[in-house]
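Protein chains in written order, with full-length UniProt numbering: chain A, 1 to 216; chain B, 1 to 216.
To start, the structure itself, in structure tokens.
Protein chains: 2
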Amino acid sequence: MLELAILGLLQETPMHGYELRKELATKLGTIRAAISYGTLYPTLKRLKTAGFITESASDPSMIPPMTSKRGRVVYKITADGKERFADLLAQAGPETYDDAGFGVHFAFFSRTDRATRLRILEGRRRRIEERREGLRDVLSRAAGRLDAYTLELQRHGLDACEREVRWLEELITNERSGRAPAASAGSFDIPTAEQSPEPVGGDAPPEKPRPHQDRP
Amino acid sequence: MLELAILGLLQETPMHGYELRKELATKLGTIRAAISYGTLYPTLKRLKTAGFITESASDPSMIPPMTSKRGRVVYKITADGKERFADLLAQAGPETYDDAGFGVHFAFFSRTDRATRLRILEGRRRRIEERREGLRDVLSRAAGRLDAYTLELQRHGLDACEREVRWLEELITNERSGRAPAASAGSFDIPTAEQSPEPVGGDAPPEKPRPHQDRP
DNA sequence: GTAGCGATGTATCGGGCCGATACATCGAGG
DNA sequence: CCTCGATGTATCGGCCCGATACATCGCTAC
Numbered sequence: 001m002l003e004l005a006i007l008g009l010l011q012e013t014p015m016h017g018y019e020l021r022k023e024l025a026t027k028l029g030t031i032r033a034a035i036s037y038g039t040l041y042p043t044l045k046r047l048k049t050a051g052f053i054t055e056s057a058s059d060p061s062m063i064p065p066m067t068s069k070r071g072r073v074v075y076k077i078t079a080d081g082k083e084r085f086a087d088l089l090a091q092a093g094p095e096t097y098d099d100a101g102f103g104v105h106f107a108f109f110s111r112t113d114r115a116t117r118l119r120i121l122e123g124r125r126r127r128i129e130e131r132r133e134g135l136r137d138v139l140s141r142a143a144g145r146l147d148a149y150t151l152e153l154q155r156h157g158l159d160a161c162e163r164e165v166r167w168l169e170e171l172i173t174n175e176r177s178g179r180a181p182a183a184s185a186g187s188f189d190i191p192t193a194e195q196s197p198e199p200v201g202g203d204a205p206p207e208k209p210r211p212h213q214d215r216p
Numbered sequence: 001m002l003e004l005a006i007l008g009l010l011q012e013t014p015m016h017g018y019e020l021r022k023e024l025a026t027k028l029g030t031i032r033a034a035i036s037y038g039t040l041y042p043t044l045k046r047l048k049t050a051g052f053i054t055e056s057a058s059d060p061s062m063i064p065p066m067t068s069k070r071g072r073v074v075y076k077i078t079a080d081g082k083e084r085f086a087d088l089l090a091q092a093g094p095e096t097y098d099d100a101g102f103g104v105h106f107a108f109f110s111r112t113d114r115a116t117r118l119r120i121l122e123g124r125r126r127r128i129e130e131r132r133e134g135l136r137d138v139l140s141r142a143a144g145r146l147d148a149y150t151l152e153l154q155r156h157g158l159d160a161c162e163r164e165v166r167w168l169e170e171l172i173t174n175e176r177s178g179r180a181p182a183a184s185a186g187s188f189d190i191p192t193a194e195q196s197p198e199p200v201g202g203d204a205p206p207e208k209p210r211p212h213q214d215r216p
């Protein structure tokens, strides 16, 4: 799961570990608070061994700081890595529908083609519906067997499930009618800068707006 | 975390692994779908080594089935185990406030004294408030930097945070005024059988209603 | 000036938990 | 008779986490 997220971020721009962690935290803030270094660095090593990314010492003509005494390793995605990213984005296994997996996939939906988006959204909905049914069963059948606090926990969980299903339903409707997301529970009035109409190409469009040096 | 849950369930009645897993699933359905055997059995082994539980082959005069060719190991909590359970219930570290940890603690609130309940509820609230502030920051500051889907994910997450804070607030209020939980978002009308007034003793009352054979 | 402090930065280690897998028994139905 | 699904115990590789260690930079305060 982390692999997908890292590849996705490195596709936007090369980065070093620390930066990557921060970006991960803001992009996936809902899913996991902050990725641990004990996860990040081994994963980066794995990705490097697999040939999906390369690491290089930051050249001195970098940003402002550092006279490059120690480290500052910059990670960059390779062609294989981009291919891998596209594969991971498109294929949906069972782990695509759990909380973490779904969150990561969703966070990169703007790089996913519509058919896959719909498939994932529907798979997730089914998953949550199953959890919901399980909770309803417990609440109606095993109610007397459980104490008041456990019951309250189940009720709260059921509530969350129902809300998420409604959210997913809305997103699915929007996808089918070709609209972009947002404008659901409008409490913020953020400009939503880019890609509001969202043409939606095939798969893995090579980014549009933000200028970045892919490779020289 | 699992340790607490297992000890808690075994305190009600001895069980074998399969049963334990099912009980775990219904009691913690909101938190984790179903515990893996790859987690359960090693944990049971650990608990046994630590002396918190004992395992014994089920005697033939058990329920109906099994002529006891192979296995059916029944796990039972020890005095040390009960002590350990009480310790884990009362002490609250940082992991007490993450999703899984809080859920497990909450599920055993009927065995927790009120002061501890309040401490945990408030710790959890603070945790969620921090997450909420982080999401608000991202939504207001980094909005233009993120695509519509990522933004929608954050909005949904923020919504969930706000709702959970409200839920916790309600629970805290109820605790302070001595009422039991429930009756919050009334959509079910389950009798709530036992302990609605809830006297709340010290800690670890030795079960009340359900008849069960602790040992023959 | 220099001493401390907080942010930046890279890296490892032990351990918890998961999914996949294997194996074994039992009752019910074709 | 024989398969199928529920019950049941157990291990293995692998992901991910928290704790920990170490090193540098820029700032403020003494």
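Idealized CB from N, CA, C, for every residue including glycine.
Remember, predicted model here, so these are calculated numbers, not experimental data.
Query, Result
"DSSP state of Tyr41 of chain B mapped onto helix, strand, coil", "helix"
"Of the listed residues A:Leu40, A:Leu28 and A:Leu158, nearest to Arg136 of chain A (C-alpha basis)", "A:Leu158"
"Proximal chain B residues relative to Val138 of chain A, where beta-carbon distance stays under 8 Å", "Thr26 and Gly29"
"Beta-carbon contacts of His16 of chain A that lie in its chain and below 8 Å, excluding the five residues immediately before and after", "Ser58, Arg72, Val73, Val74 and Tyr75"
"Per-residue burial, Tyr18 of chain A [other beta carbons within 10 Å of its own, 16 or more giving buried]", "exposed"
"Any chain B beta carbon closer than 9 Å to Pro181 of chain A", "yes"
"Residue-level contact to chain A via CB, Phe109 of chain B, 9 Å cutoff", "yes"
"Lys22 of chain A CB to nearest heavy atom of the ligand MN below 8 Å", "In the structure shown, the ligand MN is absent, as is every other ligand, since no ligand is present at all."
"Segment contact flag, the stretch 123-133 of chain B with the stretch 109-125 of chain A, C-beta cutoff 8 Å, min 3 pairs", "no"
"Under the three-state DSSP convention, the category Tyr97 of chain B falls into", "coil"
"Contact residues within the stretch 149-160 of chain B, judged by C-beta distance below 9 Å to chain A", "Tyr149, Thr150, Leu151, Glu152, Leu153, Gln154, Arg155, His156, Gly157, Leu158, Asp159 and Ala160"
"CB contact below 9 Å: Leu89 of chain A versus chain B", "no"
"Thr112 of chain A: first and last residue of the uninterrupted alpha helix (DSSP H) it sits in", "Here Thr112 of chain A belongs to no alpha helix (DSSP H), and DSSP marks it neither H nor E."
"Backbone CA spacing between Gly103 of chain B and Leu153 of chain A [nearest angstrom]", "8 Å"
"Rounded straight-line distance, which links the Cα of Asp80 of chain B to that of Phe52 of chain B", "5 Å"
"Cβ separation of Leu121 of chain A and Leu168 of chain A, assumed to be a contact under 8 Å, to the nearest whole Å", "6 Å"
"Residue-level contact to chain B via CB, Ala142 of chain A, 9 Å cutoff", "yes"
"Beta-bridge partners of Met15 of chain B, as assigned by DSSP", "B:Tyr75"
"Rounded separation between Glu83 of chain B and Leu4 of chain B - CA only", "11 Å"
"Proximal residues of chain B, C-beta to C-beta of Phe106 of chain A below 7 Å", "Tyr149 and Leu153"
"Inter-residue spacing [alpha-carbon to alpha-carbon] between Arg145 of chain B and Arg176 of chain B", "44 Å"
"Environment of Arg155 of chain B [buried if 16+ CB atoms lie within 10 Å]", "buried"
"Environment of Gly8 of chain B [buried if 16+ CB atoms lie within 10 Å]", "buried"
"Alpha-carbon spacing of Ala148 of chain A relative to Arg119 of chain B, whole angstroms", "19 Å"
"Cβ-based neighbour list, Asp99 of chain A, same chain, cut-off 8 Å, excluding 5 preceding and 5 following", "Ile31"
"Reduced DSSP category for Ala34 of chain A - H, G, I as helix; E, B as strand; rest coil", "coil"
"Straight-line gap, Leu151 of chain B to Gly29 of chain A (C-alpha atoms, nearest Å)", "11 Å"
"Ile35 of chain B vs Leu10 of chain B beta-carbon contact at 9 Å", "no"
"Three-state secondary structure (DSSP) of Ala92 of chain B", "coil"
"Range covered by the beta strand (DSSP E) that runs through Ala160 of chain A", "Premise fails: Ala160 of chain A lies in the alpha helix (DSSP H), Ala148 to Arg176, not in any beta strand (DSSP E)."
"Against chain B: residues of the stretch 120-134 of chain A by CB proximity under 8 Å", "Arg131 and Gly134"
"DSSP state of Ala86 of chain B mapped onto helix, strand, coil", "helix"
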